Amino acid sequence: MLKRYFGKGFSYFMLVLCGLIMIVPFIWMVSTSLKSQTAINKGSVGFIPIEFVNYYIHDGKKELCEIVVEEKNLTVINIYDKDGKTFKESYVKVPTENIKSSKKLKFHLNNYKEAFTKVPFGKYFLNTLFVSFSVLIGVLITSSLAAYAFARMRFKGRDFIFYLFISMMMVPQPIYLIPSYFLLTKLGWINTYQALIIPWIANIFSIFLLRQQFKTIPQDLFDAAVIDGCSRFEILWRIVLPISKPILATTAIFSLIGSWNSFMWPLVMTSSDNLRVLQVGLSYFAQEASSSTALLMSASTFSIAPLLILFLFAQRQIISSFISSGLKG
Amino acid sequence: MRTKKSYFPFGYILPAFVIVFAFRLIPIMLSFIISFFKWTIQGPEEFIGLQNYIKLFQDPGFWQSLINTFYLVVFIVPITLILSLFFANLLNRTKKLSGLFRTTYFIPTVTSLVAISILWKLIFSPQGGLMNHVLGFFSIHGLNWLSEPRGIFTLLFSTIGINIPKVFGGPSLALFAIIIVSIWRSLGYNTIIYLAGLQNIPEVYYEAADIDGASKWKQFFHITVPLISPTTFYVLLMTTITTFQVFSQVYLMTGPPIGGPLGTTKVIVYYIFDIGFGESQNLSYASAIALVLFFIILGLTMLQKRLEKRVQY
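Note that the protein sequences, when read in sequence, are chains A and B.
Residues 0 to 328, numbered by numbering that gives the first Met the number 0, are exactly what the first sequence covers, in order.
Residues 0 to 312, numbered by numbering that gives the first Met the number 0, are exactly what the second sequence covers, in order.
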């Protein structure tokens, strides 16, 4: 009995520990994004954006100030105006005993604003959104059509083409990156949206997933539809797709996650700022502003937030999609 | 009814086929051709036969990147397998909060590698990074992580005053940081996959073993491990393939110069990228390296499939 309780306790301890290891980096990222750069540079590592603020106390008044030089008896300070940003008075010599420091919780939401003014993340966000949804629509159309034919039609070369597709799926992206770059250059597609969208609107993995699903639909349903005078396309549109909504959602989620997080391809195929997607924009920002850690963390938080929100809302669906695809693939 | 020829099945496949043909099949075949030519962005210049492949064998950069990549595989794959099976087992036994754990573990998997790499670069930073701060509680101080070219075994043995030869130094601490991040990112995904596999094992086997008086450890090694082996092979294969393709972590976490310190984090995909799109823009040599990578992955895949057939229960 005791051993069982000990076992349970150990299990939960390990699970919680692992959970913390997974989540703490993200919490740290958000908290760093809310600190001021000066606080970070002074060595603030903790999770709560606490800052030391200094007040100049005189004549019963308490004014926010910044210490310039601190000496034994006299301290040179800048006194802030009421807005807390500009100085009312600069380089004032005051007695040190009149300076009081205290801890204060302060969220620098301004970091987000500043990151956005330094780099057009709004534009990158829209680019990513446009590319992701264009790819998504393309994938849904081409995959449903192809999967329908692979699962429900008989024609010469069907299996050959299917296995050709599957073998293409196994080839990792870095292998065909170089020739693709050459090909897209010849097509004049480098630095165009086409380069980011067209090569990705057919997704073999989606075709594979949908084909598995379409195969499970009972033949009777098709026979009945044919008797009712449905054409092949009508069967797909009116019967097959509506009853395959869950697997279509799975396909959509994979496609969205894939295009949102895609990095190497847009890095190679585009260089113009106008077409830059979020991931590439973020990577450039990381190289240019490597010392502005607060801004960097704000930008990173912003870049992962949309997918994370999607994930938290649809987590059951997403996790089970990953499982089913993993076990089938 | 079914013989009606009023439809054209190939038409349904055509859109996908055109894309796959133009942007997968042709590039893959083209990469073979490119690797045998002197080839610039304008096109082929001259046939050079196997020159690129001969050059490859004498290129220390290539070998270094290959060794670094093997370090990644040798560390990431077994550690991922063990940890994810371990946590899947724990999750399988707990009912309360298991949904919360699953969600939490899964977050890194859906997060972009770019953001993750930028975040972890900061975590590993010796100035104000979280990692050294946490290690400080365990009296471990002053690790340089991403700028430390010395091998982890060298560092480990030097703490007890032993100098070991450089060959046995292991991956540099910088590369080890990348190993940590890679394991961290995919641990949740693999745990969930293992969990699904564990839930497919019928409860009766364990009940029978209980009656026979088999201990939990015996049950684990004689029931769970054999019956979970299809999942193990899947996780093994996928982790190996993705590990061979590590790029973003190296590109964003190390450097300047990228691939540093002393080239100890230069992995093969980054090397391909650097040769093809860096200063030299040598598309032809980069294609040759990419093809070598392709055959390594293909070979390992086939080897694992063979092994899987032999160990089927």
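For every residue, glycine included, the Cβ atom is placed at its ideal position computed from N, Cα and C.
Note that the structure is predicted; figures quoted are calculated from it, not measured.
Proximity of residue i and residue j at Cβ, strictly below 9 angstroms
i, j, result
"T127 (chain A)", "W259 (chain A)", "yes"
"L29 (chain B)", "P178 (chain A)", "yes"
"F219 (chain B)", "N88 (chain B)", "yes"
"V335 (chain A)", "L129 (chain B)", "No information on residue 335 (chain A) is available, as it lies outside the stretch 0 to 328 that chain A covers here."
"V291 (chain B)", "V266 (chain B)", "no"
"I12 (chain B)", "A145 (chain A)", "yes"
"T249 (chain A)", "S323 (chain A)", "yes"
"T263 (chain B)", "L80 (chain B)", "no"
"L134 (chain B)", "L121 (chain B)", "no"
"E15 (chain B)", "T184 (chain A)", "Checking the displayed sequence, the identity of residue 15 (chain B) turns out to be Ala instead of Glu. Not a contact, by the Cβ cut-off of 9 angstroms."
"S34 (chain B)", "A287 (chain B)", "yes"
"F321 (chain A)", "F56 (chain B)", "no"
"T103 (chain B)", "S10 (chain A)", "no"
"I78 (chain B)", "L295 (chain A)", "no"
"L82 (chain B)", "T190 (chain B)", "yes"
"F262 (chain A)", "V279 (chain A)", "yes"
"I178 (chain B)", "F74 (chain B)", "yes"
"V138 (chain A)", "S100 (chain A)", "no"
"Y250 (chain B)", "I257 (chain B)", "yes"
"Y180 (chain A)", "F276 (chain B)", "yes"
"M167 (chain A)", "V19 (chain B)", "yes"
"V17 (chain B)", "L235 (chain B)", "no"
Strand pairing of residue i, partner residues [DSSP]
i, result
"K60 (chain A)", "A:H57"
"F213 (chain A)", "According to DSSP, F213 (chain A) bridges with nothing at all."
"N77 (chain A)", "A:E65"
"G42 (chain B)", "B:T39"
"P94 (chain A)", "A:L73"
"V73 (chain B)", "Looking at the DSSP assignment, V73 (chain B) forms no beta bridge with any residue, so it has no partner."
"E88 (chain A)", "A:I78"
"K103 (chain A)", "A:E50"
"S171 (chain B)", "B:G150"
Neighbourhood of residue i by C-beta distance below 8 angstroms, restricted to the same chain and skipping five residues each side
i, result
"L277 (chain A)", "F120, Y123, F124, N126, T127, W259, S302"
"L235 (chain A)", "S143, L144, Y147"
"G328 (chain A)", "Confidence at G328 (chain A) is low in this model, with a pLDDT of 41, below 50, so the placement of that residue is unreliable and no value is reported for it."
"I295 (chain B)", "F243"
"I227 (chain B)", "L84, Y193, G196, L197, I200"
"L135 (chain A)", "A251, S254, L255, S258"
"I47 (chain A)", "S30, L104"
"M0 (chain B)", "Its pLDDT being 46, under 50, M0 (chain B) is placed unreliably by the model, and the measurement read from it follows with that caveat. Contacts found: none."
Spatial neighbours of residue i in its chain, beta-carbon cut-off 7 angstroms, leaving aside the 5 residues before and after
i, result
"P107 (chain B)", "I115, W183, R184, G187"
"L281 (chain A)", "A298, S299, S302"
"V268 (chain B)", "Q244, V245, F246"
"S43 (chain A)", "K34"
"L302 (chain B)", "none"
"Y204 (chain B)", "I222"
"R149 (chain B)", "G168, S171, L172"
"L297 (chain B)", "none"
"K37 (chain B)", "E44, E45, I47, S283"
"K214 (chain A)", "A150"
Whole-number beta carbon distance between residue j and residue i, since they are thought to touch under 8 angstroms
i, j, result
"L90 (chain B)", "L194 (chain B)", "5 angstroms"
"I321 (chain B)", "L209 (chain A)", "One cannot answer for residue 321 (chain B) here, as it falls past the ends of chain B, which runs 0 to 312."
"I154 (chain B)", "L172 (chain B)", "Per the sequence shown, the amino acid found at residue 154 (chain B) is Leu instead of Ile. Right, the Cβ-Cβ distance comes to about 6 angstroms (below 8 angstroms), so this counts as a contact."
"I76 (chain A)", "I66 (chain A)", "6 angstroms"
"L307 (chain A)", "T110 (chain B)", "7 angstroms"
"S32 (chain A)", "A293 (chain A)", "6 angstroms"
"S291 (chain A)", "N190 (chain A)", "At roughly 28 angstroms, the Cβ-Cβ gap does not stay under 8 angstroms, so S291 (chain A) and N190 (chain A) are not in contact."
Other residues of its chain near residue i: CB distance less than 6 angstroms, five sequence neighbours each side excluded
i, result
"H164 (chain A)", "Sequence check: residue 164 (chain A) is Phe here, not His. Contacts found: I203."
"V180 (chain B)", "W119, Q248"
"R315 (chain A)", "none"
"A201 (chain A)", "T141"
"A38 (chain A)", "E50"
"I159 (chain B)", "none"
Is the segment 172-191 of chain A close to the segment 103-122 of chain A, with three or more CB pairs under 8 angstroms? These segments do not touch.
Taking 8 angstroms as the threshold, find out whether the segment 68-75 of chain A comes into contact with the segment 93-103 of chain A through three or more Cβ pairs. yes
Check whether the segment 281-291 of chain B touches the segment 301-309 of chain B, counting contact only when three or more Cβ pairs, one atom from each stretch, lie closer than 8 angstroms. no
Can you find at least 3 beta carbon pairs, one from the segment 141-161 of chain B and one from the segment 42-57 of chain B, that sit closer than 8 angstroms? No: fewer than three Cβ pairs fall under 8 angstroms.
The segment 280-294 of chain A touching the segment 186-197 of chain A, judged by at least three CB pairs closer than 8 angstroms: no
Hey, is the segment 152-168 of chain B in contact with the segment 63-70 of chain B, meaning 3+ C-beta pairs nearer than 8 angstroms? no
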